Structures are given as structure tokens and as C-alpha cells.
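Peer 1: Start counting the sequence shown at 181; every next residue gets the next number (this note's numbering).
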Amino acid sequence: MNIAIGADEAAFELKEKIITHLSNMGHEVKDYGVYDANPILYPDIALRVATAVVSGKYERGIILCGTGIGMAITANKVPGIRAAVCHDPYSAERSRKSNNCQIMTM
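#1: Confirm, please, whether the CB-CB distance from residue 240 to residue 198 is below 8 Å.
#2: Rank 233, 278, 183, 221 by C-alpha distance to the C-alpha of residue 189 and give the top, closest one.
#3: What residue range does the alpha helix (DSSP H) around residue 202 cover?
#4: Residue 285: buried (16+ other C-beta within 10 angstroms of its C-beta) or exposed?
#5: Among 212, 226, 271, which residue has its Cα nearest to the Cα of residue 251?
#6: Spatial neighbours of residue 218 within its chain, please: CB distance less than 8 Å, with the 5 preceding and 5 following residues excluded, ordered by chain position.
#7: List the DSSP bridge partners of residue 283.
#8: Is it the case that the segment 228-240 contacts the segment 257-270, given that we only count it when at least three CB pairs across the two stretches are under 8 Å?
#9: State buried or exposed for residue 238, treating a residue as buried only when at least 16 other CB atoms are found within 10 Å of its CB.
#10: By the DSSP assignment, the alpha helix (DSSP H) with residue 224 in it spans what residues?
#11: Determine the direct distance from the alpha carbon of residue 254 to that of residue 208, and round the result to whole angstroms.
What follows is the structure, given as C-alpha cells:
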């Protein structure tokens, strides 16, 4: 699966671990930033990932920040995107099966 991923500085380390894990599972992962722990405006990252997913270039997206809430709000402003905050396996599964979300935020 092709997956776009991005994070603000609060979730930089988690993003790096997720990229490694998904790559080891055989997924193609595109990193849309941040690339270090320096602060960045989180909406910029959310829009990069959401735009990549809605264009069809990537099948799914993962966006990370302190809570996932701001990232979900921003991603959902992109027409055609459905993003949901997922803090456990159940919410992640239901976001796909019940709501056909393409992007999970944490």
C-alpha cells in the first residue's frame, strides 16, 4: 500500500518509528515532514498529506501531532477527504469500515 505520512514536531519521533515499521511491512511510505524536531505550523503538514491522498497518489494517510484533533480538522477541509482521530485499534477499524476514512490522525 502507498501511504503518505506527516507530523508536527510534537510527534516527530513517533512518525519516524511508524515509517520504519510500515516500511518493514513492505508498504511504500512518503514522508511529508517534519524532518527534525523544529516547530512548524501543523496545518501545512495536514494539507500536504491530505492533498497527496485526495489526488490519488497515495491510498492512505497518517498525520500525527499532540492530539490528532487539529490535524483531522485541517485535513477534513480538503474536499473528498475523510480524516478521523484514532487512538486505539477499534476507532481505527471503525473509521475505515463505517466511514471509509482515508486518513487517520493521532
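For glycine and all other residues, C-beta sits at the position ideal for the given N, C-alpha and C. The model shown is predicted, which means the values in this text are computed figures rather than measured ones.
Peer 2: Taking the geometry as given:
#1: Judged by beta-carbon spacing, residue 240 lies beyond the 8 Å limit of residue 198, meaning their Cβ atoms are not closer than that value.
#2: 221
#3: 192-204
#4: buried
#5: 226
#6: 189
#7: 241, 263
#8: yes
#9: buried
#10: 222-234
#11: Take the alpha-carbon of residue 208 and the one of residue 254: they are about 24 Å apart.
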